[in-house]
Structure formats: C-alpha cells, structure tokens
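Structure first, commentary second.
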Amino acid sequence: MITLFFVTCFITLFFTNFVINLFRERNIRQYVLKDAPQTHMVKQGTPTMGGIAMIAAILLVMVVQFHFLTPAVISILVLLVGFGIIGSIDDLSKVLQKQNKGLTSRQKLIMQIGVASIFAGLMAAGHHIETASPFLRMLGPWIYYPFLAFIIVGASNAVNLTDGLDGLAAGNLIIAFLGLFWFSFLASNYPFLMLLIAIMAALGGFLWFNVNPARIFMGDTGSLAMGAVLAGTAICLHKELILIVLGGVFVAETMSVILQVSYFKLTKGKRIFKMSPLHHHFELSGWTENKVVLRFWMVGILALLLTLQWG
72 MITLFFVTCF ITLFFTNFVI NLFRERNIRQ YVLKDAPQTH MVKQGTPTMG GIAMIAAILL
132 VMVVQFHFLT PAVISILVLL VGFGIIGSID DLSKVLQKQN KGLTSRQKLI MQIGVASIFA
192 GLMAAGHHIE TASPFLRMLG PWIYYPFLAF IIVGASNAVN LTDGLDGLAA GNLIIAFLGL
252 FWFSFLASNY PFLMLLIAIM AALGGFLWFN VNPARIFMGD TGSLAMGAVL AGTAICLHKE
312 LILIVLGGVF VAETMSVILQ VSYFKLTKGK RIFKMSPLHH HFELSGWTEN KVVLRFWMVG
372 ILALLLTLQW G
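Okay, here's the thing in structure tokens:
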C-alpha cells in the first residue's frame, strides 16, 4: 500500500509538471470572473485543467493493478472519466471563449445526470448497490437509484463550488477520502483500499503544485470528477448518508450559494453573505487566502473525526 501511494504520487507529480509546461505553451489558462475578489486578479493566466493529470495517474495505476478492478471499482472509474470529460468540455469552452463562462448550468446538469445514471445502472446490473439506511432500503429501486444520481451530481457540483482558492478543494478532498479509506479498511475491501490510496496520492501530488501561489488549477475537469468519485465511493461503501457530515465543508459551501441566491431573490437585492461561495465571504471579511484555506481544512478534519465517531 505504501509503495502504491508513493508511486502514484510520483506519477502525478510528473504528469502535473508536464501539463503545466504544456498548457503554458498552448495558452490553456484560467480566466477570472470580473466580480471575483480583487485579490484573485493575480490568478489570471494560471494554467487550468490540471485534473487531467490526476485522472491519468489514477487510471494508469489502477490498470497496472488490474486484479483490483472489480465491477464496483470499474463503475467508480467510469464516474471519474465521465465527469472528467464533462469538466474538460467546460474548461475548454472557457479557454476558447477567453472568459470564465463555459457550459450552461442546464447543459452541464444534463450530462452529469447521464453519467450518474450510467453508474447507477452498472451498479444495479451487478447487484452491487446496497444501502446501510433502512429508510432508503424501503424506498425501493425506482426511488433509490434516482437518489443515487442526485447524490453524485450534488457532490460533484459541491466540490466544484469549493474549488475557488488555492489548495482548498484538493486538501478537503484528501481529508474526506481518508474517511472513506478507513471505512474500506474496516470492511476489508481491498480493491477500494487500493483505489482510495491511488486517489489520495494523486490529490497529494497535485496539491504540491496547487497550494498558494498555485502553479495550476484542477479546473472543472478535476473538481467535477473528484466530487462524483467521492459520492460514488461513499455509495459503494454504503456510507451515502454519512457523506453529509464527512463532506461538511462542501455542504456548507453549497448551502451558502443556495441561501445567498434565494435570499437575494426574496428580498430583491439583499444578501446574507458578502459574497458566495462561503470562502469568498471570509476573504472579503479580511482573512488572507491562506488563513481561509487552512481553517477550512481544520473544519474538514473536525468533520472527519465526527464521521469516524458516528460512522
């Protein structure tokens, strides 16, 4: 396991460094929103789509470790690639248009539901889906399977919303996946142990270049894919409801956007937060970027400890 971690981490370091140099040459760079905090203007021009390096590293390692490719693991890899492609299309459209607006929310949602439905179908066909929740079990397959798609799409977009500061999403993803790793260990689920080691190592290798000041961003390519994989893995381990606590930072970021938009519409222009997602509120309140990231990581660790206590 230790060897797998270091090998995957090294491969990701190599791939990410290669991608940084390649994307700089090809001008595949981040375009910052005009209404973003002014401190973010320095990020303009940083290479994006770094998620490609993580996805490639995970796929390479898992293919080499082909004896761990169970149907459930393959289903997770389908999520990884499928949502990675959606994110890549979104990132490339932003690059080509030279602005921070890619696919419409409707276009993205339709594609996400499609890939999540394929995952649910694969799991159902192999009889790999089982829920630890008696309530969800009583709902029956016609409600439970759409619910799975909802969890996957929701988690994917939640991580995407969180990916707004250097290292914020990648660090909290490592923390969340560590919780799922522990549950895999308790269940002696070796295929998922290997998969999760590869995922955490890839995130760790990427984080080397993504901490402030970031040399590359994961883009929608990485955030959408990793969010979907986080949810898919939790589902396979029968921990789909625990994900609400384990991914507390991602939930809080998403809720801040929902509350902000809803309150703005209801009050015709008033706001709860200075800016959403939540990390921008703290930035505008005077916190430095590093302080926001480190404290959000701390909250993520607290959420992990609560999950381990209750799970």
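Each number in this note's numbering corresponds to the 1-based position in the sequence shown with 71 added. Just so it is clear, CB atoms sit at the ideal spot from N, CA and C, and this is done for glycine as well.
Check                                                                                                                                                                                     : Outcome
Identify, in the order they occur along the chain, each residue of the same chain with its Cβ nearer than 6 Å to the Cβ of L274, setting aside the five sequence neighbours on each side. : A241, L244 and I245
Tell me whether L239 counts as near the ligand ZN, meaning its Cβ is closer than 7 Å to at least one heavy atom of that ligand.                                                           : As far as ligands go, the structure on display features none, and thus does not contain the ligand ZN.
Is there contact here, the region 150-160 with the region 180-189, by at least three beta-carbon pairs under 8 Å?                                                                         : yes
How many Å lie between A258 and Q115 at the Cα?                                                                                                                                           : 45 Å
Exposed or buried, what is N228 when buried is set at 16 or more other beta-carbons lying within 10 Å of its beta-carbon?                                                                 : buried
Give a yes or no on contact between the region 326-333 and the region 293-300, applying the rule of three or more CB pairs nearer than 8 Å.                                               : no
Whose CA, out of L219, V230, V166 and G318, lies closest to the CA of L377?                                                                                                               : G318
Can you tell me whether R95 is helix, strand or coil according to DSSP?                                                                                                                   : helix
Hey, could you find the ends of the alpha helix (DSSP H) T325 is sitting in?                                                                                                              : G319 to L337
Below 8 Å, how does it come out for the region 344-355 and the region 210-225: are there three or more Cβ pairs, yes or no?                                                               : no
Shortest alpha-carbon distance to A196 belongs to which of G155, M182, F288 and I145?                                                                                                     : I145
Can you tell me which residues form a DSSP beta bridge with P118?                                                                                                                         : R100
Would you check if the distance between the CB atom of F277 and the CB atom of G121 is smaller than 8 Å?                                                                                  : yes
Could you check which residue in R286, Q168, F288 and G250 has the C-alpha nearest to that of I270?                                                                                       : G250
Is Q136 near M265, with beta carbons less than 8 Å apart?                                                                                                                                 : yes
For W253, collect the residues of the same chain with a Cβ closer than 7 Å to its Cβ; drop the 5 residues on either side in sequence, then sort them by chain order.                      : L379
Excluding the 5 residues flanking N281 on each side, which residues of the same chain have their C-beta closer than 8 Å to its C-beta?                                                    : G121, D237, G238, A241, I287, F288 and M289
Near V332, what residues of its chain come up, given a Cβ to Cβ distance below 7 Å and the 5 sequence neighbours on each side ignored?                                                    : none
By the three-class DSSP mapping on this structure, what secondary structure does W358 have?                                                                                               : coil
Residue range of the alpha helix (DSSP H) that A191 falls in?                                                                                                                             : S176 to A196
Using only CA atoms, which one of K169, L163 and A272 lies nearest to F76?                                                                                                                : A272
Mind checking N231: buried by the 16 CB within 10 Å criterion, or exposed?                                                                                                                : buried
Quick one: what's got a C-beta closer than 7 Å to I184's C-beta in the same chain, skipping five residues either side?                                                                    : A220 and V224
Please say whether F263 and L312 have beta carbons closer to each other than 8 Å?                                                                                                         : no
Just how far apart, CA to CA, sit L337 and F344?                                                                                                                                          : 15 Å
Quick check: what's the CA-CA separation for C80 versus L267?                                                                                                                             : 12 Å
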